[in-house]
Amino acid sequence: MTTIALPTRFAVGSNRLATAGAVILGLVVLFCLAGPLAYHSDQVHTALDAARLSPGQQGHPLGTDDLGYDVLGRLMVAGRTSLAIGVLAGLLATAIGAVWGALAGYAGGWLDAVLMRIVDTGVAIPALFLLLVAATLVTPSIPVLSLVIGGVSWLVPARLMRAEAATLRERDFVKAITVMGAGRLRVVFGHLLPNAVGTLVVAGTFQIADAILLVAYVSFLGLGVPPPATDWGAMLSKSITYTYDGAWWLILPPGIAIVLVVCAINFVGDGLRDAFAARGRA
Amino acid sequence: MSVLEITDLRVSYGTAVAVDGLSVTVARGEIVALVGESGSGKSTVALAALGLLPRSAHVDGTITVAGKNVREATGEELRQLRGRDAGMVFQEPMTALNPLHTIEFQVAEAIRNHDPEPRRHKHYRDRCVQLLERVGVPDASKRLKQYPHQLSGGLRQRALIAIAIAAGPGLILADEPTTSLDVTVQQQILDLLRDIRDTEGTGTLLITHNLGVVADIADRVLVLRNGKVVEEADTDALFANPRHAYTRQLLAAVPRLGDTPHDEEPERDRTVLALRDITVEYHGRKVVDGVSLSVGPGEFVGLVGESGSGKTTLAQCALGLVTPRGGTVDVFGGKLTHKARRRLGVVFQDPASSLDPTKTVEQTIAEPMVIHTRTSRAERRRRVRELMDAVELPQALLDRRGHELSGGQRQRVGLARAVVLGPDLLIADEPTSALDVSVQAAVLDVLERLHQEFGFGCLFISHDLAVVDRVCSRVAVLRGGQLVEQGPCATVLHTPEHPYTRALLLASPVPDPAAQRDRRRLATA
Numbered sequence: 001m002t003t004i005a006l007p008t009r010f011a012v013g014s015n016r017l018a019t020a021g022a023v024i025l026g027l028v029v030l031f032c033l034a035g036p037l038a039y040h041s042d043q044v045h046t047a048l049d050a051a052r053l054s055p056g057q058q059g060h061p062l063g064t065d066d067l068g069y070d071v072l073g074r075l076m077v078a079g080r081t082s083l084a085i086g087v088l089a090g091l092l093a094t095a096i097g098a099v100w101g102a103l104a105g106y107a108g109g110w111l112d113a114v115l116m117r118i119v120d121t122g123v124a125i126p127a128l129f130l131l132l133v134a135a136t137l138v139t140p141s142i143p144v145l146s147l148v149i150g151g152v153s154w155l156v157p158a159r160l161m162r163a164e165a166a167t168l169r170e171r172d173f174v175k176a177i178t179v180m181g182a183g184r185l186r187v188v189f190g191h192l193l194p195n196a197v198g199t200l201v202v203a204g205t206f207q208i209a210d211a212i213l214l215v216a217y218v219s220f221l222g223l224g225v226p227p228p229a230t231d232w233g234a235m236l237s238k239s240i241t242y243t244y245d246g247a248w249w250l251i252l253p254p255g256i257a258i259v260l261v262v263c264a265i266n267f268v269g270d271g272l273r274d275a276f277a278a279r280g281r282a
Numbered sequence: 001m002s003v004l005e006i007t008d009l010r011v012s013y014g015t016a017v018a019v020d021g022l023s024v025t026v027a028r029g030e031i032v033a034l035v036g037e038s039g040s041g042k043s044t045v046a047l048a049a050l051g052l053l054p055r056s057a058h059v060d061g062t063i064t065v066a067g068k069n070v071r072e073a074t075g076e077e078l079r080q081l082r083g084r085d086a087g088m089v090f091q092e093p094m095t096a097l098n099p100l101h102t103i104e105f106q107v108a109e110a111i112r113n114h115d116p117e118p119r120r121h122k123h124y125r126d127r128c129v130q131l132l133e134r135v136g137v138p139d140a141s142k143r144l145k146q147y148p149h150q151l152s153g154g155l156r157q158r159a160l161i162a163i164a165i166a167a168g169p170g171l172i173l174a175d176e177p178t179t180s181l182d183v184t185v186q187q188q189i190l191d192l193l194r195d196i197r198d199t200e201g202t203g204t205l206l207i208t209h210n211l212g213v214v215a216d217i218a219d220r221v222l223v224l225r226n227g228k229v230v231e232e233a234d235t236d237a238l239f240a241n242p243r244h245a246y247t248r249q250l251l252a253a254v255p256r257l258g259d260t261p262h263d264e265e266p267e268r269d270r271t272v273l274a275l276r277d278i279t280v281e282y283h284g285r286k287v288v289d290g291v292s293l294s295v296g297p298g299e300f301v302g303l304v305g306e307s308g309s310g311k312t313t314l315a316q317c318a319l320g321l322v323t324p325r326g327g328t329v330d331v332f333g334g335k336l337t338h339k340a341r342r343r344l345g346v347v348f349q350d351p352a353s354s355l356d357p358t359k360t361v362e363q364t365i366a367e368p369m370v371i372h373t374r375t376s377r378a379e380r381r382r383r384v385r386e387l388m389d390a391v392e393l394p395q396a397l398l399d400r401r402g403h404e405l406s407g408g409q410r411q412r413v414g415l416a417r418a419v420v421l422g423p424d425l426l427i428a429d430e431p432t433s434a435l436d437v438s439v440q441a442a443v444l445d446v447l448e449r450l451h452q453e454f455g456f457g458c459l460f461i462s463h464d465l466a467v468v469d470r471v472c473s474r475v476a477v478l479r480g481g482q483l484v485e486q487g488p489c490a491t492v493l494h495t496p497e498h499p500y501t502r503a504l505l506l507a508s509p510v511p512d513p514a515a516q517r518d519r520r521r522l523a524t525a
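Protein chains in written order, with full-length UniProt numbering: chain R, 1 to 282; chain F, 1 to 525.
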């Protein structure tokens, strides 16, 4: 089995931004997963008599929204959805893209041409448009949204992997093992993909950040997971009506959460990329 | 008067010592060779002489070029010194020349840099032509407008030498100036360097790993090992009577023509590889033109030729990596099917790229077994361990990955992978060309032992005639895609019929100054 030996430079944490990103990410995940255990709030039943309370009133540290849900508690529950969809969709996109790109890059010739023209076509159609179409056809849920977002965002990793595979294919070790009888699948899964692991890990992190943003878009447009479940995008979408009433506590928390997580993931991705580049390929 | 004087030079990077107490002087009109294997610190000396070492290097000792202290020189003083007092010739002329500028621009720049009043590059055209003619570039005035990629490797190296001597320096630092060139071109470049020394009286510090080159051109030799000078002597004395054990070991490692006795080889009626009338074209240009060649069971056939002669392309046809335009490839009497590949092994030139960096040595060697057999894991382990012994690698390396091994170790792992299934045909494309001579000798020993054990037929590709003479029984000489001569080594390499084979033999330098002088006379006659 191939192990991803992280370069010590990264582990030691001399890359401050990446370390900060990792710490922030860890805290947010902890907040969303373990938060509800320490901080109890009803996120199922509406409480219209306690709607739109400002922060601090009646024991709600971040106030309540228009249906009386506690905003702090809601932030945790919504974060679970956003993070789950982001991670699942990001991994799915990277996996599809990796295999697709590796096949195209290794095969070359007409198969490469066909596979990559499909990717070009996909890139030409805005992902958001595809998402909206998909969201109207199926009932959104975490698995469905992950599948749909993963299904529209594997194009970039596919291109990356294709370029990587096309150069690896010319290396002598691939030639040697091909000459000695290795089949296409063995070369792709046994040699090309493990050697591209650095590229894929980095691409994967950025995919997760992108996916979290995409979920937010979709939910903001009202096509996210149905209530009482929610995510950060949906929280924003619902609160936008009350912006001019001065209900800042409805807008800022989910907004900051999205920005924070996406930035943190990008920092980690940058750090990983630098670390893999510094180690080089021996 | 000496043009270069280095006293007690020490260069270290952190705790790693690159050069350890080296002293060398080069007088006017003298060619001093610095010989050593990779990692001996020889290139570091050349860089230090011109103050070109990176900031991370810690330097001690004194370096004097034309009476000026290099280590205390300011930026402008160094600029003046580089080119005017010492010119540098690099190993790889393609990367040493700027691909975006014409030859004229680059030669003129070298003159202009040291003109008291620099003028436009065009102004120096006549001087450029003179310089290019001086270094033996034919049609010099036409070449001025050409770019580096339009010149052959030999012409590029001549242009680089023209740049090095443009400002009339008293010293030339030549770092492996002929290593990337074919032997016949190498001979011409060495003749040119000798001629510049004879007419201009320039001193030369020649850095090389090739003892044949040293024997050909150097007056004095310093043998370097791990940054230390182990022996310093006049060339004739060194080759006649090497005093240090390491020098003797280096000299013994250089393969020489005629050292290996060749038995009469029986005619073989069966073949493991038969190439008939192979023609390969790239973009309408024939790289291989009607070549027929066969390898019998257990036979070691050498394929020699200079770069561009089509020898690698021919090997790739045999391996099924290139489909020939014409002719037939016959492996084990049939097509190269999946089943036939089980009996086929391959070794490539570049040890760095021939092992998958994500796999351990054990996984690499075992892979052909995983592909072709249903052996149990325990059985594979046993077989891999046997092979580690066969290629003389310690078992401790089994869990290492490619980048944790030296070049020689990697090539042994490549060999072990190639023979793990006991092949009937091995195709080896320049398997030792990237290795130091002593490592090459050891790897060739291993190859011969494996050949005795497994009895495979082998197509052995090399540009080094002496290596081929050592391991092969039959040899084919390729030139410009065509076969010029083919036959037993004893005949072709010792009494060649074709003028090209003769020229090739004369151009390959031997580590013996007296023999080199004779050959030079023969070649010019």
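In this text, a Cβ means the ideal position worked out from N, Cα and C, and glycines have one as well.
- Inclusion of Arg273 of chain R and Val202 of chain R in the CB contact set at 8 Å is warranted, their separation being smaller than that value.
- Using a CB distance cut-off of 8 Å, Gly181 of chain R counts as an interface residue toward chain F.
- Within 9 Å of the CB of Pro368 of chain F, the CB atoms of chain R belong to Ile177, Met180, Gly181 and Ala182, in sequence order along the chain.
- Counting only residues of its own chain and dropping the five nearest sequence neighbours on each side, Glu497 of chain F has a CB closer than 7 Å to the CB of Glu485.
- Gly284 of chain F counts as exposed, since fewer than 16 other beta carbons sit within 10 angstroms of its beta carbon.
- Against chain F, the beta carbon of Phe173 of chain R has neighbours under 7 Å at Ser353, Ser354, Leu355 and Asp356, listed in chain order.
- In this structure the region 66-79 of chain R does not touch the region 190-202 of chain R; the number of beta carbon pairs closer than 8 Å is below three.
- Distances from the CA of Leu421 of chain F to each of F:Leu444, F:Leu447, F:Ile461 and F:Ile371 were compared; the closest alpha carbon is that of F:Ile371.
- Contact between the region 72-85 of chain R and the region 139-155 of chain R is present: 3 or more CB-CB pairs across the two stretches fall below 8 Å.
- Taking C-beta atoms under 8 Å as the contact rule, Val288 of chain F and Gly481 of chain F qualify, at a distance of about 5 Å.
- In the three-state reduction of the DSSP assignment, Ile63 of chain F falls in the strand class, which pools E and B.
- Counting C-beta pairs closer than 8 Å gives fewer than three between the region 36-53 of chain F and the region 213-221 of chain F, which falls short of the contact rule.
- Around Gly320 of chain F, the beta-carbon contacts reaching into chain R at under 9 Å are Thr178 and Val179.
- Counting only the Cα atoms, Val179 of chain R lies some 27 Å from Gly97 of chain R.
- In the same chain as Arg248 of chain F, and ignoring 5 residues on each side of it, the C-beta atoms closer than 8 Å to its own belong to Pro242, in chain order.
- At least one beta carbon of chain F lies nearer than 8 Å to the beta carbon of Pro194 of chain R.
- Using a Cβ-Cβ cut-off of 8 Å, Arg186 of chain R counts as an interface residue toward chain F, since at least one Cβ of chain F sits closer than that to its own.
- Boundaries of the alpha helix (DSSP H) harbouring Gln316 of chain F: Lys311 to Leu319, taken from the DSSP string.
- Proximity of Gly345 of chain F to chain R, defined by a Cβ-Cβ separation below 8 Å, is satisfied.
- Nearest neighbour of Thr230 of chain R by Cα position, chosen from R:Leu155, R:Ser141 and R:Leu53, turns out to be R:Ser141.
- The beta carbon of Gly122 of chain R is closer than 7 Å to those of Leu155 in its chain, skipping five residues each way along the sequence.
- In the structure shown, Asn69 of chain F falls within a strand segment according to DSSP collapsed to helix, strand and coil.
- In the DSSP assignment, Arg479 of chain F forms a beta bridge with F:Gln482.
- Unbroken beta strand (DSSP E) stretches of 3 residues or longer found wholly inside the region 97-184 of chain F: 171-175, given in chain order.
- If only uninterrupted beta strand (DSSP E) runs of at least 3 residues are considered, those enclosed by the region 251-293 of chain F are 273-282.
- Contact between Ile111 of chain F and Ala167 of chain F holds: their C-beta atoms lie close to 6 Å from each other, under 8 Å.
- Nearest in C-alpha terms to Lys311 of chain F, of all of F:Thr279, F:Gly334 and F:Ala245, is F:Thr279.
- Per the C-alpha coordinates, the member of F:Ala108, F:Thr7 and F:Pro297 positioned closest to Asp269 of chain F is F:Pro297.
- Ile125 of chain R carries a coil assignment under DSSP once its states are collapsed to helix, strand and coil.
- Gln57 of chain R counts as exposed, since fewer than 16 other beta carbons sit within 10 angstroms of its beta carbon.
- In this structure, the CA atom of Asn266 of chain R is about 48 Å from the CA atom of Ser307 of chain F.
- By the rule that beta-carbons nearer than 8 Å mark a contact, Ile365 of chain F does not touch chain R.
- Nearest to Gly402 of chain F by C-alpha distance, out of R:Phe173, R:Val114, R:Ile208 and R:Arg159, is R:Phe173.
- Taken residue by residue, none of the region 189-205 of chain F has a beta-carbon sitting less than 9 Å from a beta-carbon on chain R.
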